[in-house]
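A short write-up of the structure that comes next.
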Amino acid sequence: MRRKIVIERATRDDEPSLLDIGVRCFGSMGVSHRQLLYQITRAKGIVLVARVNGMVVGGIVCLTHAGWKRAHVYYLAVHPDWRRRHVGRRLLKAAINYAYSEGMVAVTLEVKKDNEPAFCLYRGSGFSIQKLLLDYYFFHDAYRMRAELFPNATRMVNGYSRGRRRLYPPRATGETR
Ligand SMILES: CC(C)(COP(=O)(O)OP(=O)(O)OC[C@H]1O[C@@H](n2cnc3c(N)ncnc32)[C@H](O)[C@@H]1OP(=O)(O)O)[C@@H](O)C(=O)NCCC(=O)NCCS
Numbered sequence: 157m158r159r160k161i162v163i164e165r166a167t168r169d170d171e172p173s174l175l176d177i178g179v180r181c182f183g184s185m186g187v188s189h190r191q192l193l194y195q196i197t198r199a200k201g202i203v204l205v206a207r208v209n210g211m212v213v214g215g216i217v218c219l220t221h222a223g224w225k226r227a228h229v230y231y232l233a234v235h236p237d238w239r240r241r242h243v244g245r246r247l248l249k250a251a252i253n254y255a256y257s258e259g260m261v262a263v264t265l266e267v268k269k270d271n272e273p274a275f276c277l278y279r280g281s282g283f284s285i286q287k288l289l290l291d292y293y294f295f296h297d298a299y300r301m302r303a304e305l306f307p308n309a310t311r312m313v314n315g316y317s318r319g320r321r322r323l324y325p326p327r328a329t330g331e332t333r
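Quick note: the sequence shown uses my numbering, first residue 157, plus one each step.
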C-alpha cells in the first residue's frame, strides 16, 4: 500500500528526528543538535520535513541571509528506509518554491563530487555545476551547484530563447507538494 508523504515546515519537536537522519547520512561530525535547533527556530529561511503517518522520514534546511538574493541548501537527507520514493525530490522542490516565493534569484548548494544519488537529484532538478571545490569536505572534493529561479528573465534581456527546459517559476507559489 502506498503511504502518503506530507511535506511541511519543521517544528522544534522534529529536531531529534532530523538529527538522527543526519547522523545516519553524514556521521556525527556532519550535523549538530545546536545548529539544527537554531535553523528550525531562528534562522532566516525554511526547514521542511517529510512525514509518513507523522513520522519524519527526511528533511531539508534552506537558508537565506540579509542582503543575499539566493537561498542555500545546507542539509538534505532522507532516511535510508525511505529512499528512491521521491521524498528528496519533493523536499528540494518545496525548498525551491519557498526561495522563489521569497524573491530569491537562485538556489545554491555543495555536494560531494562522488555523491551520485544527490548529484543526479540536483541535476534533474535544474541545478548545474558552478565550481569545483577541492578538498571541500575533509579531503573530498565537492561541486558548488546553482539553480537559477528566473532563467527566462535572462533570456528576455538577451532577446532570444535558447530553448532550455522551463523548470521555474513553479506552478503555484508556496506549493509544497
Ligand atoms: C540524495 C538523497 C537526498 C535522495 O533522496 P531520495 O528520496 O532517495 O531521492 P528521490 O527518490 O527523490 O530521487 C530523485 C532523483 O534523484 C536521483 N537519485 C536518487 N537516488 C539515486 C541513486 N541511488 N542513484 C542514482 N540516482 C539517484 C534520480 O535521478 C532520482 O530520479 P528517478 O527516481 O526518477 O530516477 C538521499 O539519497 C540521501 O538522503 N542521501 C544521503 C544524504 C545526502 O547525500 N544528502 C545530500 C547532501 S548534498
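Note that the Cβ used here is the ideal one computed from N, Cα and C, for glycine as well.
Query                                                                                                             : Result
Alpha-carbon to alpha-carbon, M301 and R168                                                                       : 29 Å
Alpha carbon of D270 to alpha carbon of C218, nearest angstrom                                                    : 22 Å
G186, DSSP secondary structure in three states                                                                    : coil
CA-to-CA distance, L175 to V213, given in whole angstroms                                                         : 11 Å
Three-state secondary structure assigned by DSSP to A166                                                          : coil
Any 3 or more C-beta pairs closer than 8 Å across the region 281-298 and the region 245-257                       : yes
Nonlocal neighbours in the same chain, by C-beta distance under 6 Å from Y292, ignoring five residues either side : A298
Under 8 Å between C-beta atoms of A274 and A303                                                                   : no
Secondary structure, alpha helix (DSSP H): runs of 4+ residues fully inside the region 218-273                    : 243-257
Residues that DSSP places opposite R302 in a beta bridge                                                          : T264 and S284
Check whether A255 and G215 have beta carbons under 8 Å apart                                                     : no
Beta strand (DSSP E) segment containing R207, residue limits                                                      : G201 to V208
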